Amino acid sequence: MIYVMIAALVLSSILAMYRCIKGPDWMDRVMTFDLLNNVSIASAVLYAVFSNSEEAVSLILVLAPLSFLSNTFFVFLLERKKDLS
Numbered sequence: 500m501i502y503v504m505i506a507a508l509v510l511s512s513i514l515a516m517y518r519c520i521k522g523p524d525w526m527d528r529v530m531t532f533d534l535l536n537n538v539s540i541a542s543a544v545l546y547a548v549f550s551n552s553e554e555a556v557s558l559i560l561v562l563a564p565l566s567f568l569s570n571t572f573f574v575f576l577l578e579r580k581k582d583l584s
């Protein structure tokens, strides 16, 4: 079961990187960045569940808010840039 989950995370990472390279707009790249952050959080969750690691839980508690704040900041900058144009 864990191999299926890892394969799904790897496949979504590969597709996200393709979308990041081929994305026609900056908003596509920001959404890809968000997806890659979520994949890294999901990887940490898998590690925490299957290894009973408490350190991974603290990593998740740091990564999740940072991911949210960074994506919010990127969208704010893109909207501000669009308003200035």
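Numbering-wise, the sequence shown is residues 500 to 584 according to the numbering used here.
Glycine included, C-beta positions come from ideal geometry on N, C-alpha and C.
For clarity, every value in this text was computed on a predicted model and none was experimentally measured.
Residue i to residue j span [Cα, whole Å]
i: Ala543; j: Ser552; result: 10 Å
i: Leu565; j: Glu578; result: 20 Å
i: Ser550; j: Val529; result: 32 Å
i: Asp524; j: Thr531; result: 11 Å
i: Leu558; j: Ala547; result: 10 Å
Segment limits, alpha helix (DSSP H) that includes residue i
i: Asp582; result: Glu553 to Leu583
i: Asp533; result: Trp525 to Ser550
Assigned secondary structure, residue i (DSSP; H/G/I helix, E/B strand, else coil)
i: Met500; result: coil
Per-residue burial, residue i [other beta carbons within 10 Å of its own, 16 or more giving buried]
i: Ala515; result: buried
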